[in-house]
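Colleague: For what it's worth, the numbering used here labels the leading residue of the sequence shown as 4, then goes sequentially. If you scroll down you'll find the structure; I have some questions about it.
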Amino acid sequence: MNILIAYATVEGQTRKIAAQLAEIFENRGWQVALQNTAGMMEFILNRPDAAILLAPVHAGRYPTPFTHFVRQEADWLNSVPSAFVSVSLSIVSDNADERQEAEDYPTGLLAETGWQPLAIHHAGGALRLAEYDFFKRWMVRRLSRNAPAGEQKGDREFTDWAALELFASEFANEVGRRKA
Ligand SMILES: Cc1cc2nc3c(=O)[nH]c(=O)nc-3n(C[C@H](O)[C@H](O)[C@H](O)COP(=O)(O)O)c2cc1C
C-alpha cells in the first residue's frame, strides 16, 4: 500500500507531525511519499492508494497556497481514501468556544475546495516564543492565554502523539478494509 503524506508548514510543527505520521505508516510496511505541498508536482505521476494532508492554522486560516493546492487536487483526492490533520493552538484551549472555533476551521477549507476527506484529526500545535518576532509573540500570547494552566510562558509542544497514532491506525485500518 502506498500513501501520500503532504503538509504545509510555517514554523515547522506540522512538518514534524507529518514526519511522525510517515514513520507510523512505514512501520506498518506502507510505502510513504512525504512531501511539502509547496514543492509538489512529481507525486501526481504516481497516484497513491491513500492520502493524508496536514496544515496549520495561522491568523484564523490555513496557508493560502495550501488551499490552492487542495482545490487543484480535489478531484483525485476524492477518488482515494483521504484524511486531513488540522494543526492549531485553539484546539487545546481551556475555553470551549475557542476549541469549537478550532473544530470549525476545516469546514471553510472543505467548502472552498470541494475536498471530502473520510476523516479529520485535530492536533495541537507548538509555541516557539523565542523564535517569534514581536508581532508573532504578541499574537500567539493572546491565542495561548487559555492554554492549559501554567503553560502560557516559554516554548511548549501541545501535540498529543498518542492521539495521532490512534488516528493513523484507525485510518490505515479503514483504507485496508476499503481495498480488501
Ligand atoms: C503568527 C501565528 C498566528 C497563529 N494563529 C493561530 C490561530 O489563529 N488559531 C490557532 O488556533 N492557532 C494559531 N497559531 C498557532 C499555530 O497553529 C501553531 O503554532 C502551529 O504549531 C503552527 O504550525 P507550523 O509550525 O507548522 O506553522 C498561530 C501561530 C502563529 C505563529
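Glycine included, each C-beta is placed from N, C-alpha and C at the ideal position.
Should Val83 and Ala36 be called a contact, given that it needs their Cβ atoms to be closer than 8 Å?
Modeller: It is not a contact, given that the beta carbons lie outside the stated cut-off.
Colleague: Does the pairing of the stretch 10-25 with the stretch 87-95 give three or more beta-carbon distances under 8 Å?
Modeller: Yes, they touch.
Colleague: Can you give me the C-alpha to C-alpha distance between Leu112 and Leu132, rounded to a whole angstrom?
Modeller: Roughly 28 Å separates the two Cα atoms.
Colleague: Just to confirm, does Glu1 get its C-beta within under 7 Å of one of the non-hydrogen atoms of ligand 1?
Modeller: Look at the range of the chain in this structure, 4 to 183, and you will see that residue 1 is not part of it.
Colleague: Run through DSSP, which three-state label would Gly153 get?
Modeller: Reliability of the predicted coordinates at Gly153 is poor, the pLDDT of 49 falling under 50, and the value obtained from them is presented with this limitation in mind. Residue state, collapsed to three classes: coil.
Colleague: Helix, strand or coil for Gly111 per DSSP?
Modeller: If DSSP states are grouped into helix, strand and coil, Gly111 belongs with the helices.
Colleague: Under the criterion of a Cβ to heavy atom distance below 7 Å, does Thr17 qualify as lining ligand 1?
Modeller: Indeed, a heavy atom of ligand 1 lies less than 7 Å from the Cβ.
Colleague: Rounded to whole angstroms, what's the CA-CA distance from Gly63 to Glu106? Just pull it up for me.
Modeller: Going from the Cα of Gly63 to the Cα of Glu106 covers about 12 Å.
Colleague: Classify Leu56 as buried or exposed, calling it buried when 16 or more other Cβ atoms lie within 10 Å of its own Cβ.
Modeller: So Leu56 ends up on the buried side.
Colleague: For Pro59, which residues does DSSP report across the bridge?
Modeller: Looking at the DSSP assignment, Pro59 forms a beta bridge with Val90.
Colleague: Flag this pair as yes or no: are the beta carbons of Pro68 and Ala41 separated by less than 8 Å?
Modeller: A contact, by the Cβ cut-off of 8 Å.
Colleague: Excluding five sequence neighbours on each side, which residues of the same chain lie with their C-beta closer than 6 Å to the C-beta of Val73?
Modeller: Thr116, Trp118, listed in sequence order.
Colleague: Where do the N-terminal and C-terminal ends of the beta strand (DSSP E) with Ala122 fall, by residue?
Modeller: Counting along the chain, the beta strand (DSSP E) containing Ala122 begins and ends at 122-127.
Colleague: Heavy atom of ligand 1 less than 7 Å from the Cβ of Met142, yes or no?
Modeller: Checking every heavy atom of ligand 1 against the Cβ of Met142, one is found closer than 7 Å.
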